[in-house]
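Everything in the sequence shown is counted per the UniProt record's numbering, starting at 1 for the first residue and increasing by one.
Every residue, glycine too, gets a C-beta built ideally from N, C-alpha and C.
From a predicted model like this one, the values you see are computed outputs, not experimental measurements.
Here is the structure we will look at, set down as structure tokens.
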Amino acid sequence: MKTLKQLITPFSMAQFFAEYWTQKAIHISTDDAQKLHSFFSWNDLNYLLNYHRLQEPDLRFSMNGKSLPHTHEPQEWSDRLRQGATLIVNGVHHRVPTVAKLATDLRQEIGYQIHVNLYCSPAKQQGFDCHYDTHDVLILQIEGEKKWFVFQETLPYPTPEMKSSSQLPPKDPPYLECILKAGDVLYIPRGHWHYAVACEDPSLHLTVGIECQTGLDWLGWLIHELQQNSHWRQSLPVCVDDNTNVLEQHLINLRQNLIETLNQPNILHKYIDALAYCDQPPIPISLPGQIGNDIFPNGFMTRFTWSPLHRLCIKQIGEEHYQIQIGAKRIDLKKVPVNLVKNLCDQDEFSLLDIADWVPELDFDGDIAPLMTRLVTEGILQIKN
1 MKTLKQLITP FSMAQFFAEY WTQKAIHIST DDAQKLHSFF SWNDLNYLLN
51 YHRLQEPDLR FSMNGKSLPH THEPQEWSDR LRQGATLIVN GVHHRVPTVA
101 KLATDLRQEI GYQIHVNLYC SPAKQQGFDC HYDTHDVLIL QIEGEKKWFV
151 FQETLPYPTP EMKSSSQLPP KDPPYLECIL KAGDVLYIPR GHWHYAVACE
201 DPSLHLTVGI ECQTGLDWLG WLIHELQQNS HWRQSLPVCV DDNTNVLEQH
251 LINLRQNLIE TLNQPNILHK YIDALAYCDQ PPIPISLPGQ IGNDIFPNGF
301 MTRFTWSPLH RLCIKQIGEE HYQIQIGAKR IDLKKVPVNL VKNLCDQDEF
351 SLLDIADWVP ELDFDGDIAP LMTRLVTEGI LQIKN
């Protein structure tokens with residue numbers, strides 16, 4: 001968990017998850033004002049606004065707790081910021097490579113879906129009224145300073161349907177007041193009410209949303225699994241003359257089938273495996289290699305790397321038979337030596353010369369070249385420039 005560890009230092013992972021995760025907010029301060037600049041900067045924001053055709057709801061403004069009407073005119077964006085409005089850009093992880101890598105690393109480390117939005121607030125302005133989010137958040141203060149107020153939850157573990165707008169805010173004072181400075185991080189559990197006010201300078205921060213799975217999500221997955229069973233797709237019996245006996249027996253049979261399903265020895269691991277690979281970003285496009293052109297541009301010195309946005313998983317199916325999975329993509333490899341597979345698992349990048357050292361018994365034209373070509377065209381491997 002290198003990325004998360006970097007964000008929560010000096011707290012240890014054990015302390016963070018035992019004392020704060022889903023329980024209470026924590027302000028993680030630093031003396032390094034540039035700690036988070038590798039993820040985002042004013043220049044990145046300017047590039048987004050100047051070269052991306054951002055439209056509502058991906059780009060919006062809020063002022064005094066209310067959303068402003070959408071405008072397509074960039075000049076009006078600057079005017080609104082000068083007038084005190086807060087700029088919000090959703091889905092920054094879809095648009096900025098460094099933020100995409102941040103989201104992917106956290107997705108792999110925490111195990112849940114990640115999304116990242118940015119907020120730019122003029123000095124001394126509050127963009128939103130007190131509210132709570134239905135997901136956990138990490139606030140990464142990129143530039144400027146912002147004062148935060150965090151209150152206890154009034155509804156534990158709210159689901160996405162349980163919006164704060166339908167709830168009464170807490171009457172007790174905030175249990176955490178802090179000023180985030182550049183480089184600082186703030187963790188807020190879902191359901192904990194909060195608001196923030198920019199200080200003397202404009203504030204720029206990223207909000208990392210963590211969509212944790214719950215028992216309800218497991219039941220949703222289970223419903224999807226049960227759809228493969230015709231008994232669960234069958235219409236319930238009609239109660240003729242208000243006689244419910246047939247319906248009751250049908251429900252008893254379904255209950256027994258559900259118990260048998262839950263008692264299957266692999267059902268829990270099947271869901272855990274599904275969690276590891278759901279909501280993964282698509283395989284990156286890498287041309288011209290993926291269309292089969294110029295696979296070995298530097299001959300035997302050509303280097304390859306795995307997708308930086310995905311976790312690599314290699315499973316043994318049988319003797320010299322393996323399955324590679326990256327994201328939602330799976331391919332089978334047969335008659336592949338175990339030494340080659342072991343070395344592929346251990347390396348972030350490698351060259352054709354490395355492969356020749358690992359498995360000198362393999363023929364380049366008959367074995368190695370077809371294998372590498374397949375992995376590149378399938379998007380599993382990328383040619384490193």
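For residue 148, the three-state secondary structure derived from DSSP is strand. Residue pairing by DSSP leaves residue 154 without any beta bridge partner. Shown here, residue 218 sits in a helix according to DSSP, grouped into three states.
By the 16-neighbour rule on beta-carbons within 10 angstroms, residue 239 is exposed. Residue 143 counts as buried, since no fewer than 16 other beta carbons sit within 10 angstroms of its beta carbon. Between residue 216 and residue 159, the C-beta spacing is below 8 Å. Membership of residue 313 in the beta strand (DSSP E) is indicated by the continuous run 312 to 318. Distance check between residue 85 and each of 331, 61, 364, 124 places 61 closest, using alpha-carbon atoms only. Residue 82 counts as exposed, since fewer than 16 other C-beta atoms from the protein chains shown sit within 10 angstroms of its C-beta. Runs of the beta strand (DSSP E) lying entirely within the UniProt domain "JmjC" (85 to 227) and spanning at least 3 residues, in chain order: 86 to 89, 113 to 121, 136 to 143, 146 to 153, 176 to 180, 185 to 188, 192 to 198, 203 to 211.
With fewer than 16 other Cβ atoms inside 10 Å of its own Cβ, residue 292 counts as exposed. Distances from the alpha-carbon of residue 352 to those of 335, 284, 297 put 297 closest. In the structure shown, the three-state DSSP call for residue 24 is coil. For residue 82, the uninterrupted alpha helix (DSSP H) run begins and ends at 74 to 82, by DSSP.
The C-beta of residue 356 has fewer than 16 other C-beta atoms within 10 Å across all chains shown, which makes the residue exposed. Of the residues assessed, residue 104 falls on the buried side of the cut-off, its CB having 16 or more other CB atoms within 10 angstroms. In this chain, the beta strand (DSSP E) harbouring residue 332 covers 329 to 334. In the three-state scheme derived from DSSP, where H, G and I count as helix and E and B as strand, residue 256 is classed as helix.
For residue 109, the closest of 5, 250, 383 by C-alpha to C-alpha distance is 5. Secondary structure of residue 303 (DSSP, three-state): strand. The residue among 170, 157, 212, 93 with its C-alpha nearest the C-alpha of residue 281 is 93.
Annotation for residue 268: the continuous alpha helix (DSSP H) segment containing it runs 267 to 277. By the 16-neighbour rule on beta-carbons within 10 angstroms, residue 302 is buried. Contact between residue 130 and residue 195 is confirmed by a C-beta separation of about 4 Å, below the 8 Å threshold.
For residue 384, there is no enclosing alpha helix (DSSP H); the residue is part of the beta strand (DSSP E) that begins and ends at 381 to 384.
One thing to note: residue 332 has its Cβ within 8 Å of the Cβ of residue 323. About 14 Å separates the CB atoms of residue 137 and residue 88; that is not less than 8 Å, and the two are not in contact.
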